[in-house]
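Participant:
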Amino acid sequence: MRPGATRLDIGTWAFVDHWVSGHWPLTCNMRRATLIGLTAAISLASARAEEPTMLYRSLVRRAEEVSTRSLADLPSLDTWKAQLPEKRRRWLEMLGLDPLPERTEMHVTVTGVLDRGHYVVEKLHFQPLPGCRIAANLYRPKNPQGKLPAVIYLCGHAQRSKWHYQAHPRWFGEHGYIGLVLDAIQIGENTGFHHGTYSKQWWHWYSQGYSPAGVDVWAAMRAMDYLSTRPDVDPSGFGMTGNSGGGEITWFTAAADERVKVAVPSCQTGTMYQQVRDRTIDGHCDCAFWVNVYGWDYTDVAGLIAPRALLVAAATEDTLWRPYAYRDLVHRVRMLYRLYGCEDKVGLVEDVAPHGYTPKTRLALFNWFEKHLKGSDKLITEDFRTEQENDDDLAVYPTKKPPPDDRLKDADKFFIPLPGAPEVKDRPQWERHQRESLAKLRATTFRWMPDSFKVAHFSVRAMGLSGELQHHVFEFESEPGMPIRAELGAPVRAPKPFPLVVAPLMAEAKSPYSLGGTGMSGLPTSKVGMASVSVRGTGDSSIGPGLEWTVRRAYPILGYSLPERQTLDLLRAVALLREQPNVGETIVFGKGANAALAIYAALLDPSITEVILQDPVTTHWNAGPEFLGVLKVGDLPHNLALLFPRRITFVGKLPEAYQWTRRCYEACGAGDKLRVIPDLKTWR
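Going letter by letter, the sequence shown gives residues 746 to 1429 in this note's numbering.
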């Protein structure tokens, strides 16, 4: 038997012996819980035996769930069509595009024209958002006859962007199309930033509901707006393609905007399961993902493109997108196209190659556009010309940089409209706002929280007497494969029932031993019970720099965040401990970043009677804990006030940011429910 199983079994029997010896009466419910604990011990021990990887294993399990259910049970075609508008709205929401930004004047500016005989290159920039410039090159026949089909080429992250990919839009300009190639934000001649969580630890992007993909998609949508105004463009439908990061934005834009008639993403197709299982997420910047509050897979995004023409180009030796994943996506999407009766409009072309194109995949791409966009039966058999224009000739700006006042570099600060703190007039007005805000949080940020936090199975063992407290350790699974440890210190002389203060273990804690590591010291333990919860990422499941970055980026692509799951762990523990003998009201405590866990646990569990905060984090911005889209409802001082009229206690001092919370309580006639105490000794 594994060592963990032996330890747990012995501990469980030790707790039974402890009960029988008379310290706690062994009720029928306790006997039942003990038997359940015994049956659960083996599975818990198995999970404990894999502690170094158990947190990541739970992530892989969730990723498999997300990918497996995607397009797995298709409804009738009529039902699917009826669901499409809401699906597309949700997709736009996750990109930060619901509602769509105002379609302001684009100020299209052509800075130069290159005449290359049979084709022409127009160098231009336009503004999808006021003051935000996108650099582009437009390739067209020199003497176009009538309105031509237009293809937007979206660049990957090659440093010189549209110069690197010039042969693709040039091919379109030479073969009877209008080819418009866009620099991605941060790449080529564009400013902006893609790497917020990738390299800067800007975890607040998740709390904002911001992904740079939203800006890129909006730029591509505005590019279609621009092309629609040109006399040489057929506006009835556009083609879109791109490699790598450009393939990603091809997927995303085609799913968002039905004007994309033909889509060919290259080397950017797979599943969430593959991204997490293979840790290929580590190779992607932030634009590869959306803020996934609805728990979608890439396959769900692909489904929004049906029944329009879709060709997936892939490379079998691509280290970022593995064949088992992109083939699974295409298979699932093909079933949807079959439902539409147009299976011939979805295809896969792959070649034995690393990340990027080959002549085989390019020719398939060209022929796909010939057939489905131009409506031609002509077979393309020759690859593009490999000659390269000098990047100085293709530059939109003389300095290859936009003017200093360009706002694209700050898009993450204004792209997502966020509410300010409301003016609180009276209790009825605040209670209406409170109901609306809690509903929004439940529908998005905490969408994946269960309806009940009750723990079905657990094991428990006695840990002895220390001072005024009798210690017991509980172990349970917060989610399948995610074991959590909670330690209860019950006051032996306190009146029954006793109040219990529960706190999450701090990430930097060396050990949860004897209720340490929570920052909760000084409570009058002769009267009050204490409990610590080793939420995931702490204690037995603590993670270091070799995994933390990946975990904090992986949870959001699955609809969660690490702090949000830690809040679940805390809530499970509170629900379990509340049922133990002689436990009365439950209170949660949070210090530093853990204050956010305490606040949201209380918001989600109305049975928690009070929140105690010490040196609390004051904002989700900058170094604040990330919760998906939470800032669309409000920041921490606002969200703490949603606890009204429950008690809030600050230890030490009231941070300036939380003066707003105090004013809110006072405006609602509950100023006495928010108090500041010098230390925990004076709490009760």
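Glycine included, every Cβ here is placed at the ideal spot set by N, Cα and C.
1) Among residues of its own chain, excluding the 5 on either side of residue 729, which ones have a beta-carbon nearer than 6 angstroms to its beta-carbon?
2) Could you give the uninterrupted runs of the alpha helix (DSSP H) lying entirely in the stretch 1009-1053, keeping only those of 4 residues or more?
3) Buried or exposed: which applies to residue 1143, given that a residue is buried once 16 or more other Cβ atoms fall within 10 Å of its Cβ?
4) Pair every Cβ in the stretch 923-942 with every Cβ in the stretch 965-973, then say whether three or more of these pairs are closer than 8 angstroms.
5) Indicate the three-state DSSP secondary structure (helix, strand or coil) for residue 1162 in the structure shown.
6) DSSP puts residue 1221 in a beta bridge; with which residues?
7) DSSP has residue 985 in a bridge; who is on the other side?
8) Grab the span of the alpha helix (DSSP H) containing residue 973 for me, first residue to last.
9) Considering only DSSP beta bridges, list what residue 882 is partnered with.
10) What does a CB cutoff of less than 6 angstroms around residue 796 pick up in its chain, not counting 5 residues either side in sequence?
11) Nearest-angstrom Cα distance between residue 1022 and residue 808?
12) Taking C-alpha atoms, which residue in 1344, 1178, 1296 and 1424 lies nearest to residue 1027?
13) Are the beta-carbon atoms of residue 1070 and residue 1016 separated by less than 8 angstroms?
14) For the candidate residues 1348, 1293, 1390 and 879, whose alpha-carbon lies nearest to that of residue 1024?
15) Extract the residue ranges of the alpha helix (DSSP H) inside the stretch 802-841, only unbroken runs of 4 or more that lie entirely within it.
16) Spatial neighbours of residue 1373 within its chain, please: CB distance less than 8 angstroms, with the 5 preceding and 5 following residues excluded, ordered by chain position.
17) Is residue 730 near residue 1331, with beta carbons less than 8 angstroms apart?
18) Below 8 angstroms on the Cβ atoms is my contact criterion, and I expect residue 1007 with residue 1114 to pass it. Report the Cβ-Cβ distance as a whole number of Å.
19) So residue 1111 is in the alpha helix (DSSP H); what residue range does that whole segment cover?
20) Would you check if the stretch 1248-1258 and the stretch 1275-1284 touch, i.e. whether three or more CB-CB distances between them fall below 8 angstroms?
21) Figure out for me which residue from 868, 890, 876 and 888 has the closest Cα to the Cα of residue 911.
22) Can residue 1318 and residue 1229 be called in contact, C-beta distance under 8 angstroms?
23) For residue 1383, count neighbouring C-beta atoms within 10 Å of its own C-beta (all shown protein chains included) and say buried if the count is 16 or more, exposed if not.
24) Please report the residue range of the alpha helix (DSSP H) in which residue 994 lies.
25) With H, G and I counted as helix, E and B as strand and the rest as coil, what does DSSP make of residue 787?
26) Fully enclosed by the stretch 1365-1426, which alpha helix (DSSP H) runs are 4 residues long or longer?
27) Run the proximity test for residue 1283: is its beta-carbon closer than 7 angstroms to any non-hydrogen atom belonging to the ligand FAD?
28) Keeping to the same chain, check which residues put their C-beta closer than 7 angstroms to that of residue 1052; ignore five residues upstream and five downstream.
29) Indicate the three-state DSSP secondary structure (helix, strand or coil) for residue 1311 in the structure shown.
30) Are the beta-carbon atoms belonging to residue 1407 and residue 1388 less than 8 angstroms from one another?
31) To the nearest angstrom, how far is the alpha carbon of residue 769 from that of residue 1215?
32) Relative to the C-alpha of residue 886, which residue among 900, 859, 903 and 870 is closest?
33) Counting only the same chain and skipping the five closest in sequence on each side, list residues whose C-beta sits under 7 angstroms from that of residue 767.
34) Helix, strand or coil: which one does DSSP assign to residue 1148?
35) Name the DSSP bridge partner or partners of residue 932?
36) Taking only three categories from DSSP, how would you classify residue 1299?
Facilitator: So, from the data block:
1) Outside the shown range of the chain, which is 746 to 1429, sits residue 729, and nothing can be said about it.
2) 1017-1022 and 1043-1048
3) As a position in the sequence shown, residue 1143 is number 398, starting the count at 1. Its Cβ having fewer than 16 others within 10 Å, residue 1143 is exposed.
4) Taking 8 angstroms as the limit for Cβ pairs, the verdict is that the stretch 965-973 does touch the stretch 923-942.
5) Residue 1162 sits at position 417 when you count from the first residue of the sequence shown. Here residue 1162 sits in coil by DSSP.
6) As a position in the sequence shown, residue 1221 is number 476, starting the count at 1. DSSP, once it has assigned bridges, lists 1203 and 1229 as partnering residue 1221.
7) Residue mapping note: residue 985 aligns to position 240 of the sequence shown, counting from 1. DSSP lists 897 and 1008 as the beta-bridge partner residues of residue 985.
8) For the purposes of this step, residue 973 is taken as the residue at position 228 of the sequence shown. The continuous alpha helix (DSSP H) containing residue 973 extends over residues 957-974.
9) Taking the sequence shown and counting its residues from 1, one reaches residue 882 at position 137. BP columns for residue 882 point to 868 and 926.
10) Translated into the one-based positions of the sequence shown, residue 796 becomes position 51. Low per-residue confidence applies at residue 796: pLDDT is 44, beneath 50, and the placement is therefore not dependable enough to give any value.
11) Against the sequence shown, residue 1022 aligns to sequence position 277. Against the sequence shown, residue 808 aligns to sequence position 63. Answer to the nearest angstrom: the Cα atoms are 8 angstroms apart.
12) The residue given as residue 1027 occupies position 282 in the sequence shown. Considering only alpha carbons, the answer is 1296.
13) What you label residue 1070 is simply residue 325 of the sequence shown in a count that begins at 1. What you label residue 1016 is simply residue 271 of the sequence shown in a count that begins at 1. For residue 1070 and residue 1016, yes; Cβs fall inside 8 angstroms.
14) Walking along the sequence shown from the start, residue 1024 turns up at place 279. That would be 1293, whose Cα lies nearest to the Cα of residue 1024.
15) Secondary structure in the stretch 802-841: the alpha helix (DSSP H) runs of 4 residues or longer, each lying completely within the stretch, are 822-840 in chain order.
16) Your numbering for residue 1373 matches position 628 in the sequence shown. If we look at residue 1373 and ignore the five residues flanking it on each side, its Cβ neighbours are 951, 952, 954, 1036, 1037, 1038, 1189, 1190, 1301, 1304, 1305, 1306 and 1309.
17) The displayed coordinates of the chain run from 746 to 1429. Any statement about residue 730 would go beyond what the structure contains.
18) The count along the sequence shown starts at 1 and reaches residue 1007 at position 262. The count along the sequence shown starts at 1 and reaches residue 1114 at position 369. The Cβ separation is near 6 angstroms, so the contact holds.
19) Counting from 1 along the sequence shown, the entry for residue 1111 is found at position 366. Run containing residue 1111: 1104-1114, per the alpha helix (DSSP H) assignment.
20) yes
21) The count along the sequence shown starts at 1 and reaches residue 911 at position 166. Among 868, 890, 876 and 888, the Cα nearest to that of residue 911 is on 868.
22) Taking the sequence shown and counting its residues from 1, one reaches residue 1318 at position 573. Taking the sequence shown and counting its residues from 1, one reaches residue 1229 at position 484. A contact, by the Cβ cut-off of 8 angstroms.
23) The sequence position of residue 1383 within the sequence shown is 638, counting from 1. By the neighbour-count rule (16 or more Cβ atoms within 10 Å), residue 1383 is buried.
24) In the sequence shown, counting from the first residue as 1, residue 994 sits at position 249. Its alpha helix (DSSP H) spans residues 990-1001.
25) The residue labelled residue 787 in the question sits at position 42 within the sequence shown. With a pLDDT of only 43 at residue 787, under 50, the local geometry of the prediction cannot be trusted, and no value is derived from it.
26) The stretch 1365-1426 contains these whole alpha helix (DSSP H) runs: 1381-1386 and 1404-1412.
27) The ligand FAD is absent from the structure shown, which contains no ligands of any kind.
28) Translated into the one-based positions of the sequence shown, residue 1052 becomes position 307. Annotation for residue 1052: 1082, 1085, 1087 and 1090 place their beta carbon closer than 7 angstroms to its own, counting only its chain and skipping 5 residues before and after.
29) Start at 1 with the first residue of the sequence shown, and residue 1311 comes out as number 566. Residue 1311: helix per DSSP, three-state reduction.
30) Position 662 of the sequence shown holds residue 1407. Position 643 of the sequence shown holds residue 1388. In this structure, residue 1388 does not lie closer than 8 angstroms to residue 1407 by Cβ.
31) Working through the sequence shown from its first residue, we reach residue 769 at position 24. Working through the sequence shown from its first residue, we reach residue 1215 at position 470. Only weak support is given to the placement of residue 769: the predicted model assigns it a pLDDT of 44, under 50, and the question is left unresolved by the model.
32) Looking up residue 886 in the sequence shown gives position 141. Nearest option by C-alpha distance: 859.
33) Along the sequence shown, read from residue 1 onward, the residue named residue 767 stands at position 22. In this prediction, residue 767 has a pLDDT of 32, which is less than 50 and means its spatial position is unreliable; nothing more can be read from the coordinates.
34) Position 403 of the sequence shown, counted from the first residue, corresponds to residue 1148. Residue 1148: coil per DSSP, three-state reduction.
35) Here residue 932 refers to the residue found at position 187 when the sequence shown is read from its first residue. In DSSP, residue 932 forms no bridge with anything.
36) Here residue 1299 corresponds to residue number 554 of the sequence shown, with the count starting at 1. Helix.
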